[in-house]
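Numbering (my numbering), first residue to last: 8 to 306. For glycine and all other residues, C-beta sits at the position ideal for the given N, C-alpha and C. To keep things clear, I will list the structure first and then write my remarks on it.
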Ligand code: ADP
């Protein structure tokens, strides 16, 4: 992930294409077969099934290309953690639009100060800016021979989902869910290594059983010794801003779940706890149990 982050900074420093070129690039890069292929799923047949039909053909899609997956889920749910593990396992890039935005913020580019205000208030960046950043990231990946992707943080509005749907086939959308009590604590406990970009968490979440609901324990995710002295907190991980991001998720992103549900592409996954409890269950839900032996490589 850090490699992509560093490279996208370089890519965003390049000359800006026009909006039209950006969108035409997005169409070209996301879907070489855009004009000739139809969705891998039939919304009518796949609607209301427990698992999306795409799960039958996960590891490599029928057209011989790599998977094109999306991760949905509230701030703090762990999209980045699981998307990054799956990306290692399946050999496809993990593209997090939040990382692209943070790279842009860290640069001295003209967008930087405009973005800072938006992001630090927990608001969404405009569709045009986010698609511009994503297009450049995809263009850079294409030049390096990448294929397939696991998107994390995009699409976040129904309009973004419609644009994406118009340019490529998304095979599967994994909707990660975690008990609400844990989300804020997980965001507040998040720490990032300023050098390698690794994500860690100092929160120890211990929700007691209550009213017939089981308890839940999520252990902290400590950094390795080489990162311990380099940890930083994201400026938008304050209590006030996280609450605002959660509100915006409900208003703007929750409808994206319905968008994919109605197309038979949504896989709901309730996280039972931290990584030790969740990872193997997620692999099972994705019909990737035979990748179990590679789990340690993905960790
Ligand atoms: P979160 O932990 O809230 O899921 P991210 O790291 O995905 O955060 O994103 C950080 C910020 O970047 C968001 O609050 C938003 O300002 C911006 N951002 C990321 N992805 C998008 C998107 N698809 N559309 C609009 N804004 C985005």
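Asked: Pick from 234, 98, 253, 152 that is closest to residue 185, judged by C-alpha positions; Found: 253
Asked: Rounded separation between residue 149 and residue 224 - CA only; Found: 41 Å
Asked: Buried or exposed (CB count within 10 angstroms, at least 16 for buried), residue 63; Found: Confidence is the limiting factor: at residue 63 the pLDDT is only 44, short of 50, which leaves the residue's position unreliable, though a coordinate-based value still follows. Exposed, since its Cβ has fewer than 16 Cβ neighbours within 10 Å.
Asked: Contact between the segment 155 to 164 and the segment 86 to 103 (3+ Cβ pairs under 8 Å); Found: yes
Asked: The segment 175 to 192 / the segment 107 to 126 touching (three or more Cβ pairs under 8 Å); Found: no
Asked: Any non-hydrogen atom of the ligand ADP within 7 Å of residue 108 CB; Found: yes
Asked: Alpha-carbon spacing of residue 212 relative to residue 283, whole angstroms; Found: 14 Å
Asked: Residues near residue 73 in its chain [Cβ-Cβ closer than 6 Å; skip 5 each side]; Found: 99, 154, 155
Asked: The segment 195 to 203 touching the segment 230 to 242, judged by at least three CB pairs closer than 8 Å; Found: yes
Asked: Whole-angstrom C-beta distance between residue 164 and residue 259, which should lie under 8 Å; Found: 5 Å
Asked: Coil, strand or helix - residue 118 by DSSP; Found: coil
Asked: DSSP beta-bridge partners of residue 225; Found: 212
Asked: Range of the contiguous alpha helix (DSSP H) that encloses residue 132; Found: Element bounds for residue 132: n/a, residue is neither H nor E.
Asked: First through last residue of the alpha helix (DSSP H) which encompasses residue 292; Found: 282 to 292
Asked: Three-way DSSP call (helix, strand, coil) for residue 48 in this model; Found: Residue placement at residue 48 is flagged as unreliable, the pLDDT there being 33, under the threshold of 50; a coordinate-derived value is accordingly withheld.
Asked: Rounded distance between the beta-carbons of residue 216 and residue 193, thought under 8 Å; Found: About 20 Å; that fails the 8 Å criterion.
Asked: CA nearest to the CA of residue 84, picked from 250, 190, 202, 170; Found: 190
Asked: Opening and closing residue of the beta strand (DSSP E) in which residue 277 lies; Found: 273 to 277
Asked: CB contact below 8 Å: residue 118 versus chain C; Found: Absent here is chain C; the protein component of the structure consists of one chain.
Asked: Boundaries of the beta strand (DSSP E) in which residue 75 is found, first to last residue; Found: 75 to 79
Asked: Any non-hydrogen atom of the ligand ADP closer than 7 Å to residue 240 Cβ; Found: no
Asked: Residues bridged to residue 159 (per DSSP); Found: 78, 103
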